[in-house]
Every structure is written in C-alpha cells, then in structure tokens.
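Here the sequence shown is numbered in the UniProt record's numbering, starting from 1 and rising by one per residue.
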Amino acid sequence: MSDLEEFRAEVRTWLEDNCPEEMRQPLASDAEHVWGGRKWEFSSDAQRVWFDRMVGKGWTAPAWPKEYGGGGMSADEHDVFKSEMNRINARSPVSNFGFWMLGPALLKFGSEEQKREHLPEIARGEIRWCQGYSEPNAGSDLASLKTSAEIDGDNFVVNGRKIWTSYADRADKMFCLVRTDPDAKKQAGISFILLDMDTPGVSTRPIQLISGESPFCETFFDDVRVPRANLVGEMNQGWTIAKYLLTHERDNIGGEPPGLLKGRDLAQMALEAVGADDQGRLDDPMLRADIARLEIDAMAFRALVEQTRAKAEAGEGVGARSAMLKYYGTELNKRRYNLMMDAMGGLGLEWESEQTGGGRYAREWLRSKGNSIEGGTSEIMLGIISSAVLELPKG
C-alpha cells in the first residue's frame, strides 16, 4: 500500500467514526451552515461535535501549514481528503470569507506576525471575516474606489463607504481596500488593510434583496482608526493582493451550488416532484434531457476546476482562468435553479407556504440571479476571457 493509499484509509476510517450522521445530510436551512465567529451559536449538538472534532484535527483548513492551525496536507493528500468528504456527503464544519479568501492571501502576502495572529483563529472558527471591496461608484470598476486611509502616527484614519458587503452586520473583522495615495494612478494608490468591525466609527446597514433576505450591507467608516500594523503587504500595493484574492472569490462563487441544491441530486428532486413514467424515468422528456445536459456540462466544469486547482497548488498562476470558472460556474448555477423551478411548477412560486419551507424555492431561485453580478459581473468576466484567454483584439 502506497503512502497515499494509507492516508486515504486513515482519513476514511476517521471520518466514518467521527462525522455525525446529521452532518452527512443536505442543509435543510441556512441556519445549518456554520459560519463561526464571536457571535456564532450552534443550532444542534451535532454541529458542535463535528466542528470541535475537525478543529482538533486541523482539518477545517486541511491544506494550511500546521503552525498556522491547518492540517499540513500536501496537494495530493488534500485531493484525497476532499474526495473522502464528498464520498460520505460530509458538510464543511465551518466556512466563511476567512477560509475562502483572506487565508490564501495572508499565506502569500502576509507578514509572519500577521499569519500567526490571524490564520489560527480563522482555522479555529473564532473570527468571522467580511470583504470591504465594492463602493457605490466602484463596482465593476473597483479600482475607482474612494474610501480613504490617511496616516496619523501609528494609525490609519479611514473614511468612506462600502456596499454589497456580505454579512458585514454579523462579521467580526473586515479585510478592506482603501486609497492611501489619491494622486497616484487608480490601481497604484490602493492598500489592503485589516480592521475590527467593533472599532468606533464603523457602522452597517442591511440591504434587502428581491428574495426577501438581507445578506448584503452598506458599511460606513467615520474617522475609524486602524493600526498601521494591519497593513498587508506594501503601502499602495494592495491592488496586487486584491486581484489575487478575487481569483479565490470567483472560484468559490462558481463552485458547488449553495442552499437547497447543496449536496442534493437535482434529478432526484425532479423525480419526486414530477413523478416517473412506466420505465421509472422522469415523466417529462424535455426536462429529463435538460437535466442530463446540465449534468454533463457540470462534469466538464468540475474537471476544469480540478485542473485549475492542481495548477494553483503546483505554484502556477491561475490568472484569467478564474474569470472562466466564475462565468461558467455562475451560468451552471442559474441553470440548476431554473430547472429546479421547472420541476416544482406552480408550487415553486409559493412565497410563504410551509410546504415549500417558507418559499425557499422561489427565494433561492431569485437569489441565484445575483451570481452574475457579485464577484465581477458576467459582462466583465467575458471581457477578461476575450482579452486574456482568447487574446482577441479589442474592438
């Protein structure tokens, strides 16, 4: 037995022995997603048990170095670990922007002190992070951001406003882009800082979406004092970090579908809703064909994702590939939810019905439309693909 086969056997045995049955079921509601942080409260004993056990192993961040609270897995071991988690449909024990986005950025650009301060508390689920990027007049053209950070002794004094800040009202800390040189070229005058959301002068206001939910916020900064030690990387070089971090955001947005479809078989959902014909097949040939096409395209997409991740873990730059993943993953997700609604028929449009979990089908279908805006609009992604991947001439 090779070392990797031994590792797989050890992971499989441990997961079978330690993952509660409840943590192998699809999420029944958003409350079952564990975000972590100072304000987090577990909704079940199984959540807490699974969280504690995985934190103890360092497997909340399996590929991070052990000295920063991770599992210290190699790229091959991480692939094995993910496949074994998927084999039993195990839920992530905890996840938030600290894992998806800030962690990789700190590993690449952070100082040793910053890594030792922030990465272990992320891995232990102690701090929930949010992202301060977009502004009212700086969305797709992010480099036009105006939020300023002026030096005053050992501090930055931050003033400005962010928008579409996911879960800012529930987060403990924020990684934020600020303008530190107003006279420099747009991209050249931006810095990347870390701040505590409890700092005096920070306030948030939720934004209600068409789905009826409010995962996004406006965030305001009024003379907020941030230690200069919280600058990540070099002054005025934050745009480099921002671009690197966006590749991880786009990978996440284009990944596995959230909500009702997370860990669930769309074909089985449709079969339960529509019924079967006399051969046991979905009793709607057009819907059946559409779901088959989706599954084939999803398989091709997963292969591209794995290839891209392998290149990234081997030290090769992902670059514009992230735009491909984000765009196609977005379109796949919207197709999934459209097909879900096709299968549910009129019942799927119920807004308050207990039979639909308080209108979860309609609400999540509407929410999926935002995928083509957040993390960079689909139009922007197509522009990047055109110029940087296909190398087409600009019109």
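All C-beta atoms, glycine included, are put in the ideal place defined by N, C-alpha and C.
The model shown is predicted, which means the values in this text are computed figures rather than measured ones.
Note down the Cα distance separating residue i from residue j, rounded to an integer number of angstroms.
| i | j | result |
| --- | --- | --- |
| L132 | A105 | Checking the sequence, you will find Gly at residue 132 rather than Leu. The alpha-carbon atoms of G132 and A105 are separated by roughly 14 Å. |
| W40 | Y167 | 13 Å |
| E10 | P62 | 15 Å |
| I241 | G233 | 8 Å |
| M381 | E352 | 36 Å |
| K146 | S191 | 12 Å |
| I384 | T330 | 15 Å |
| S74 | M286 | 44 Å |
| S211 | R360 | 9 Å |
| H78 | D152 | 44 Å |
| A31 | Q307 | 33 Å |
| D222 | P200 | 8 Å |
| I207 | M197 | 18 Å |
| C130 | F99 | 11 Å |
| R288 | R91 | 28 Å |
| T165 | T219 | 7 Å |
| K243 | S322 | 10 Å |
| D183 | S144 | 12 Å |
| M299 | D76 | 20 Å |
| I291 | V226 | 50 Å |
| G110 | G103 | 9 Å |
For residue i, tell me which candidate among the options has the shortest Cα-Cα distance.
| i | options | result |
| --- | --- | --- |
| L142 | M73, D196, L325 and C176 | C176 |
| K173 | G280, I193 and P393 | I193 |
| A270 | E391, G36, L339 and L349 | L339 |
| E112 | R24, C130 and P65 | P65 |
| R367 | I190, E16 and P215 | P215 |
| A320 | G376, G370, L294 and D297 | G376 |
| L107 | G72, G212, D222 and S92 | G72 |
| E67 | G58, A75 and P93 | G58 |
| R48 | M23, N371 and G98 | M23 |
| I296 | L266, N155 and C130 | L266 |
| V186 | G70, G359 and G238 | According to the sequence provided, residue 186 is Lys. The question's Val does not apply to it. It is G238 whose Cα lies nearest to the Cα of K186. |
| D181 | E150, D154 and Q208 | E150 |
| A28 | S44, D17 and N18 | S44 |
| L231 | Q114, F7 and G370 | Q114 |
What did DSSP end up calling residue i once you bin it into helix, strand or coil?
| i | result |
| --- | --- |
| R91 | coil |
| R12 | helix |
| G254 | Only weak support exists for where G254 lies, its pLDDT of 49 falling under 50; the value from the coordinates is given anyway. G254: coil per DSSP, three-state reduction. |
| A61 | coil |
| W50 | helix |
| S378 | helix |
| W239 | helix |
| F156 | strand |
| G132 | strand |
| I126 | Looking at the sequence itself, residue 126 is Glu, so the reference to Ile does not match. DSSP places E126 in coil when its eight states are reduced to three. |
| A28 | coil |
Would residue i and residue j be called neighbours here (beta carbons separated by less than 8 Å)?
| i | j | result |
| --- | --- | --- |
| E364 | Y327 | no |
| V224 | M324 | no |
| V178 | V158 | yes |
| V34 | R124 | no |
| L332 | F301 | yes |
| M341 | A273 | no |
| R170 | E135 | no |
| A188 | N137 | no |
| R128 | N89 | no |
| residue 396 | D154 | Given that the chain is displayed from residue 1 to residue 395, the structure contains no residue 396 and the question cannot be resolved. |
| G37 | L119 | no |
| F42 | P93 | no |
| E84 | L195 | no |
| N378 | S372 | It is worth fixing the name first, because residue 378 is Ser in this sequence and not Asn. Taking 8 Å as the Cβ cut-off, S378 and S372 qualify as a contacting pair. |
| M101 | L245 | yes |
| G348 | A362 | yes |
| K394 | K369 | no |
| N18 | R53 | yes |
Within 7 Å: the Cβ of residue i and any heavy atom of the ligand ZN?
| i | result |
| --- | --- |
| A229 | For the structure depicted, the ligand ZN is absent and the ligand set is empty, with no information on it obtainable. |
Would you say residue i lies against chain C (beta-carbon separation less than 8 Å)?
| i | result |
| --- | --- |
| M73 | Annotation note: the requested chain C is absent from the structure, which comprises a single protein chain. |
>> As an exercise, report each continuous beta strand (DSSP E) stretch of at least 3 residues that is fully enclosed by the segment 162-233, in chain order.
In response: 173-179, 190-196, 202-207 and 216-227
> Fully enclosed by the segment 289-371, which alpha helix (DSSP H) runs are 4 residues long or longer?
Replying inline: With a minimum length of 4 residues, the continuous alpha helix (DSSP H) runs that stay inside the segment 289-371 are 321-344 and 360-368.
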